[in-house]
Each structure stands twice: as C-alpha cells, then as structure tokens.
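A short worksheet on the structure shown next.
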Amino acid sequence: MEEQTIDKTVFETGEMVLNMGPQHPSTHGVLRLKIHTDGEIVSKIEPVIGYLHRCFEKHCEKLSYEQIVPFTDRCDYLASMHMDHAYSIAVEKLLDVELPERVEYIRVIIAELQRIASHLVALGTFGLDVGAITPFTWAIRDRERVLDLFEALCGARLLYNYIWPGGVSHDLPPKFVDRTLEFLDYFDPQIDEFNNLLSTNKIFIERTADVGVLPPEVGINFGVTGPSLRGSGVDFDLRKNEPYSIYDKFDFDVPLGEGTMGTIGDTWDRYYVRVLEMRESAKIIRQACAQLPDGDVGEAIPKKVRPAVGEVYGRYESARGDVGFYIISNGKNIPLRVKMRSPAFCNLSVLGEIAEGWMISDVIAILGSLDIVLGEIDR
Amino acid sequence: MTFAEIVKFIETKAPGRSSIIEGKEVVLVSPADWSEISTLLKNESEVDFDYLMCISSYDKGDNKTFGAAYNFYSIKRQHYLEVRVETEDGTTIPSVTNLWKTADWHEREAYDMMGLQFEGHPDLKRILLSEDWEGYPLRKDYKEPDYYHGIPVPKDKSYWE
Numbered sequence: 034m035e036e037q038t039i040d041k042t043v044f045e046t047g048e049m050v051l052n053m054g055p056q057h058p059s060t061h062g063v064l065r066l067k068i069h070t071d072g073e074i075v076s077k078i079e080p081v082i083g084y085l086h087r088c089f090e091k092h093c094e095k096l097s098y099e100q101i102v103p104f105t106d107r108c109d110y111l112a113s114m115h116m117d118h119a120y121s122i123a124v125e126k127l128l129d130v131e132l133p134e135r136v137e138y139i140r141v142i143i144a145e146l147q148r149i150a151s152h153l154v155a156l157g158t159f160g161l162d163v164g165a166i167t168p169f170t171w172a173i174r175d176r177e178r179v180l181d182l183f184e185a186l187c188g189a190r191l192l193y194n195y196i197w198p199g200g201v202s203h204d205l206p207p208k209f210v211d212r213t214l215e216f217l218d219y220f221d222p223q224i225d226e227f228n229n230l231l232s233t234n235k236i237f238i239e240r241t242a243d244v245g246v247l248p249p250e251v252g253i254n255f256g257v258t259g260p261s262l263r264g265s266g267v268d269f270d271l272r273k274n275e276p277y278s279i280y281d282k283f284d285f286d287v288p289l290g291e292g293t294m295g296t297i298g299d300t301w302d303r304y305y306v307r308v309l310e311m312r313e314s315a316k317i318i319r320q321a322c323a324q325l326p327d328g329d330v331g332e333a334i335p336k337k338v339r340p341a342v343g344e345v346y347g348r349y350e351s352a353r354g355d356v357g358f359y360i361i362s363n364g365k366n367i368p369l370r371v372k373m374r375s376p377a378f379c380n381l382s383v384l385g386e387i388a389e390g391w392m393i394s395d396v397i398a399i400l401g402s403l404d405i406v407l408g409e410i411d412r
Numbered sequence: 046m047t048f049a050e051i052v053k054f055i056e057t058k059a060p061g062r063s064s065i066i067e068g069k070e071v072v073l074v075s076p077a078d079w080s081e082i083s084t085l086l087k088n089e090s091e092v093d094f095d096y097l098m099c100i101s102s103y104d105k106g107d108n109k110t111f112g113a114a115y116n117f118y119s120i121k122r123q124h125y126l127e128v129r130v131e132t133e134d135g136t137t138i139p140s141v142t143n144l145w146k147t148a149d150w151h152e153r154e155a156y157d158m159m160g161l162q163f164e165g166h167p168d169l170k171r172i173l174l175s176e177d178w179e180g181y182p183l184r185k186d187y188k189e190p191d192y193y194h195g196i197p198v199p200k201d202k203s204y205w206e
C-alpha cells in the first residue's frame with residue numbers, strides 16, 4: 034500500500050482568526066467580532082463596530098433642539114422612549130424649567146412600560162441565542178401588548194417621538210390607565226410562566242450558569258452599567274442613587290445578582306436581573322397610575338428652545354444602563370455639540386475581557402446577556 | 046463630597062495644578078498635569094472616582110483649541126465631578142486607559158471624531174468610521190468630501206430646510 038503523506042500546512046495547530054458577523058443572527062445587529070481561537074477556546078476578541086454609524090452627533094450640529102428628538106428615537110430603537118426621555122431631561126436641565134406634575138407621571142409610566150418591552154426582547158432573543166425558540170415567541174407576544182398601548186398613545190409602535198423637551202406630544206388617550214392596569218394584571222402571572230419555561234430550565238442553566246463571570250470591579254472599571262452591572266451584585270441604579278424626574282416618590286427595589294445558579298455575575302445572573310426588573314417596573318407603574326394627578330400637559334417651555342450659554346451632562350437609567358447626554362449650548366437654537374454616552378457601547382467593550390477562555394458557543398451566550406443594541410453603540 | 050470639597054482636596058494634594066472655570070462647577074487641568082491629577086482622582090480613597098462615565102470631545106470653534114470633558118462618578122462615595130482638559134491642535138493629552146478601561150474606546154472615539162491625540166493609548170485608531178476616512182467630522186472646519194471611493198456624495202440638503 035502506498036504511504037499516505039499528510040500535508041502539515043493543512044492541519045495548522047496555530048491560532049485561527051474567526052470572523053463572526055457583520056451579518057450574523059446572534060450579534061443582535063450589524064456587529065463584527067474578530068475571534069482569535071485556539072481550537073474551540075477563545076483567546077482574544079476584538080469587536081469591530083461602526084457599521085450602523087448614522088452621524089447622530091454630526092446631525093445634531095445642524096438641527097434645533099426639538100428636531101433632535103426623532104434622531105434620539107433611532108439610537109436605541111428597542112427603548113426609544115428612554116432615549117427621548119434622557120435627552121429631554123438634559124435639555125430641561127439646561128433650560129432650568131419645572132414640568133407640570135402630570136407630565137412627570139405620564140413619563141414615568143411610559144418609561145417603565147418601555148423597560149418591560151425592552152427587557153422582553155432582551156430575554157426572548159437571549160433564549161434564541163442559546164437555542165430556546167419558544168420563549169422568544171412568548172416574549173414577543175407580551176411585548177405586542179405594550180406596543181398596542183403605545184400605538185393608542187401616539188400612533189407609533191417603534192419610534193415614538195412622544196417625549197419632547199418640555200412635555201409630551203399628547204395627553205393620555207381615554208381609558209389608557211385602565212388598559213395599562215389590565216395589561217399588568219395579565220402580565221404578572223406571565224413572568225412566572227416565563228420562569229418555568231426558561232429561567233429554571235435545566236438545559237438553559239447548564240448553558241449560562243458560571244459562564245462569563247463579570248467581577249464587579251472589572252465591570253465598574255470598564256464602565257458597564259445597568260442590569261449587566263447589577264447582575265454582578267453592584268447596587269447602582271440611577272433611579273435610586275441619583276433620582277431624576279419623580280422616581281424618589283415610588284417604592285421599588287433594585288434587583289441584584291445573587292449567584293443563585295452559580296457564581297455572582299455570571300450570565301444567568303445578568304439574565305435573571307432583567308426578569309426581576311420587569312416586576313419592579315410593574316410595581317412602579319401601579320403606584321404611578323394610582324397617584325396620577327389631573328392637569329394640563331401643555332408645554333412648560335416656549336416652542337422655540339433657546340438655552341443660555343452653558344453645558345449640561347444629563348444622566349438617565351435606560352433599559353441598558355446609564356445614558357448620558359453632554360450638551361454644549363452657545364445661546365442659539367442649535368446646540369454647539371451633543372455627545373451621547375451610550376451604555377451598550379461601554380457594555381460591549383467588556384466582552385473581550387470576560388469571554389476570554391470560553392468556547393465560541395459561550396461567547397454567543399455572554400454577548401446575548403450583555404443585551405446590546407447596535408443602533409445605540411454606533412449612533 | 047460636594048464640588049467645593051473635592052476641589053479643596055485636589056488643591057491640598059497637588060497645589061496649583063488645576064483651576065476652576067469661572068461660574069461653573071468644572072475643574073480645568075492642563076494636558077501636562079493631567080496624568081498626575083487623574084492618578085490622584087482614581088487612587089486616593091477619599092475621592093475614589095472608580096467610574097469614568099464619559100469623555101466628550103469638543104471644538105471651541107476657533108480651529109485651534111480642542112477639549113475633552115471627563116465626567117466622573119464614584120459609585121462607592123456617590124459624588125460627581127467634571128474635569129476638562131483643553132489643548133491646542135497638535136498637542137497630545139495623556140491617556141487614562143491604564144486607570145479606567147472605559148477610556149480605551151472613548152478616547153478612540155474622540156480621536157476618530159475630533160482628532161484629539163492621546164499619548165500612551167495602546168491602540169489609537171478609528172472606531173466608528175472606516176480606517177481610510179479622511180479628516181475629523183466633528184471639527185467645525187470639516188468639509189464634507191465630494192467623493193468617497195469614487196462615489197459622488199449627494200450635496201442637496203434642501204430637505205433639511
């Protein structure tokens with residue numbers, strides 16, 4: 034028999050660079066990961082971003098303050114209300130205006146509904162990433178109800194342009210509060226069902242517990258915020274620590290990762306913090322609906338926004354973390370500079386640190402648990 | 046700690062190295078002193094700024110002076126500080142990547158958009174724009190290119206008015 038020769042160059046044993054994305058269902062958008070692998074083990078990850086860059090900050094230099102709101106909508110398209118709210122709070126801080134109390138209550142109700150909707154997508158797609166199809170359909174079904182409420186509110190289902198500097202675009206439609214409470218009554222038991230279906234599923238726990246542990250000090254150093262940081266047990270929520278709007282009036286808890294299924298700060302903890310946060314959001318909405326005052330939502334500031342010369346850094350706790358708007362005004366109706374601190378931008382930067390040493394399939398789980406939205410990262 | 050207390054603390058540790066911008070609660074540091082002040086902010090347990098929130102680059106509009114605004118927060122002590130480092134075109138700002146890892150991507154963004162140079166950054170390259178992009182778009186004197194890789198850039202902006 035003829036002796037077989039093996040070409041050594043075909044079976045190289047060195048490091049291999051694997052491209053994941055830009056078009057890949059598990060990257061939650063147009064993200065490219067350059068994964069350096071040693072066999073199945075990841076030795077280094079370089080995220081390559083910018084594929085969805087739409088020059089948000091450049092556009093802001095040409096638009097008046099109120100015209101920017103539709104652009105903030107398109108930054109984090111899964112939590113548009115949060116972006117508008119964050120931007121409006123920053124502009125109002127710059128203008129130094131008081132809002133009618135009813136506006137603040139409406140904003141809180143809407144923001145917490147949006148948090149539920151955004152977390153449902155995060156949890157559903159996370160299940161999808163690790164191979165569970167059904168939870169996704171359940172999550173989207175429940176999110177649909179929130180979107181129906183928003184549609185009744187302002188006619189839009191994804192990009193609302195509802196919260197403006199100085200107020201909101203419309204008052205609540207008739208029976209909105211009743212419909213919201215009806216939704217919450219429906220939704221509370223759904224969380225338990227969701228837990229039965231996914232959170233306590235053995236296969237799911239095997240895939241996520243102890244995987245991709247984010248130590249709290251590493252998280253803070255990388256600027257990770259929101260549920261991703263609270264999963265590591267750091268009690269940091271701007272709604273509690275630096276209350277904006279009227280969040281100091283409500284009684285709610287900040288859920289933290291406890292390492293129930295493994296280590297504190299693992300992928301499962303980051304996932305489960307979001308589940309618990311939906312309950313807290315429901316709690317806030319119930320309180321806000323009960324206290325909702327009557328009144329006029331007529332705008333508190335004139336139609337033409339023209340702040341005095343100065344700067345402001347507005348902070349906001351969105352579904353993904355700490356959103357910041359740094360606005361410099363030169364006294365005209367067009368801002369000199371708008372810089373957005375994107376929470377998912379910082380959350381993504383930690384991926385290379387915590388995914389090192391895990392399998393490629395675990396990278397998908399870790400990325401899913403960070404809950405990134407590329408529209409907000411690339412701006 | 047309030048702003049005044051933080052300023053007093055910095056003044057006792059590094060006298061004469063920082064100033065306050067008049068009428069604002071902002072500390073101004075020159076690029077030459079920034080590495081010393083930043084180390085102080087991070088490592089002194091009394092101020093303990095463990096969380097760098099944001100680095101915003103800005104153009105003062107005279108085609109010469111550029112700045113970076115650093116927004117800090119201490120999760121442990123719950124206080125806030127804004128520091129600004131202003132530089133003329135061509136001078137570098139010391140990188141703070143070794144203290145806060147957040148600075149890595151934020152400094153890359155400031156370089157990408159405003160052309161600020163950070164000395165000591167491990168890998169200062171463009172982050173949001175493609176690597177062959179010319180110019181720094183957020184500078185006030187930036188001119189939009191007529192062509193990008195041979196493709197004409199549409200100049201009709203009538204839909205904006």
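So the protein sequences, as listed, match chains A and B.
Under the numbering used here, the residues of the first sequence are numbered 34 to 412, in order.
Under the numbering used here, the residues of the second sequence are numbered 46 to 206, in order.
Ideal Cβ placement from N, Cα and C applies to all residues, glycine included.
Kindly list the residues whose CB is nearer than 7 Å to the CB of residue i, restricted to its own chain and excluding five residues on each side of it in sequence; keep chain order.
| i | result |
| --- | --- |
| A/Ser232 | Tyr305, Val308 |
| A/Ala119 | Gly347, Tyr349, Ser351, Val356, Phe358 |
| A/Met311 | Ile149, His152, Ile224 |
If you drop the 5 nearest sequence neighbours on each side, which residues of the same chain put their C-beta closer than 8 Å to that of residue i?
| i | result |
| --- | --- |
| B/Lys185 | Asp104, Gly106, Asn108 |
| A/Phe169 | Gly157, Thr158, Gly160, Leu161 |
| A/Leu182 | Leu146, Phe209, Arg212, Thr213, Phe216 |
Looking at the C-beta of residue i, does it have a partner C-beta in chain B at a distance below 8 Å?
| i | result |
| --- | --- |
| A/Glu90 | yes |
| A/Ile387 | no |
| A/Gly83 | yes |
| A/Asn229 | no |
| A/His61 | no |
| A/Ile78 | no |
| A/Lys372 | yes |
| A/Val267 | yes |
| A/Thr209 | Looking at the sequence provided, one finds Phe at residue 209 of chain A rather than Thr. Chain B contact via Cβ: absent. |
| A/Gly264 | no |
| A/Ser382 | yes |
To the nearest angstrom, how far is it from the Cα of residue i to the Cα of residue j?
| i | j | result |
| --- | --- | --- |
| A/Arg339 | B/Glu70 | 22 Å |
| A/Ser97 | A/Thr296 | 48 Å |
| A/Pro207 | A/Ala185 | 9 Å |
| A/Ile122 | A/Tyr280 | 13 Å |
| A/Gly245 | B/Pro139 | 32 Å |
| B/Leu24 | A/Ile139 | Residue 24 of chain B cannot be examined here, being either before or after the span of chain B that is shown, 46 to 206. |
| B/Ala155 | A/Gly328 | 44 Å |
| B/Val72 | B/Asp157 | 25 Å |
| A/Ala155 | A/Val406 | 10 Å |
| A/Leu127 | B/His124 | 20 Å |
| B/Ile100 | B/Arg171 | 16 Å |
| A/Ile361 | A/Val383 | 29 Å |
| B/Phe163 | B/Tyr181 | 15 Å |
| A/Gly271 | B/Trp178 | Before going on, a small fix: residue 271 of chain A reads as Leu here, not Gly. So the two alpha carbons sit approximately 37 Å from each other. |
| B/His194 | B/Phe48 | 50 Å |
| A/Glu131 | B/Leu173 | 37 Å |
| A/Cys31 | A/Glu409 | In this structure chain A extends from 34 to 412, so residue 31 of chain A is not present and cannot be described. |
| B/Ala113 | B/Thr136 | 13 Å |
| A/Gly47 | A/Asp71 | 7 Å |
| A/Pro249 | B/Asn143 | 18 Å |
Write down the C-beta distance between residue i and residue j rounded to the nearest angstrom, noting that I regard them as a contact closer than 8 Å.
| i | j | result |
| --- | --- | --- |
| A/Ile367 | A/Lys95 | 7 Å |
| A/Ile68 | A/Ile82 | So it is not a contact: roughly 15 Å between Cβ atoms. |
| A/Pro260 | A/Glu99 | About 31 Å; that fails the 8 Å criterion. |
| A/Pro326 | A/Glu134 | 5 Å |
| A/Asn363 | B/Trp145 | With a Cβ gap of about 30 Å, A/Asn363 and B/Trp145 do not count as contacting. |
| A/Arg240 | A/Val163 | 5 Å |
What residues in its chain sit with their C-beta under 6 Å from that of residue i, if we drop five residues either side in the sequence?
| i | result |
| --- | --- |
| A/Ser351 | Ala112, His115 |
| A/Asp243 | Gly295, Thr296, Asp299 |
| B/Tyr96 | Tyr118, Ile120 |
| B/Lys53 | none |
| B/Leu183 | Met158, Met159 |
| B/Arg122 | Asp93 |
Is there a Cβ from chain A that is less than 8 Å from the Cβ of residue i?
| i | result |
| --- | --- |
| B/Leu161 | no |
Along the region 98-128 of chain B, what residues have a CB closer than 7 Å to any CB found in chain A? Met98, Cys99, Ser101, Tyr103, Ala114, Asn116, Ile120, Gln123, Glu127
If you measure beta-carbon to beta-carbon, which residues of the region 72-100 of chain B are closer than 7 Å to chain A? Asp95, Tyr96, Leu97, Met98, Cys99
Near-chain B residues of the region 344-365 of chain A (beta-carbon distance less than 7 Å), N- to C-terminal order: Tyr346, Asp355, Gly357, Tyr359, Ile361
Please list the residues of the region 303-322 of chain A that have a C-beta atom closer than 8 Å to any C-beta atom in chain B, keeping them in chain order. none
Taking beta-carbon pairs under 9 Å, can you tell me which members of the region 162-182 of chain B lie near chain A? Arg171, Ile172, Leu173, Leu174, Ser175, Pro182
What residues in the region 132-154 of chain B have a beta carbon less than 7 Å from any beta carbon of chain A? Trp145, Lys146, Thr147, Asp149, Trp150
Contact residues within the region 155-185 of chain A, judged by C-beta distance below 9 Å to chain B: none
The region 236-254 of chain A: which residues have C-beta closer than 7 Å to a C-beta of chain B, in chain order? Ile253, Asn254
Chain B contacts from the region 93-116 of chain A (Cβ-Cβ distance under 9 Å): Glu94, Lys95, Leu96
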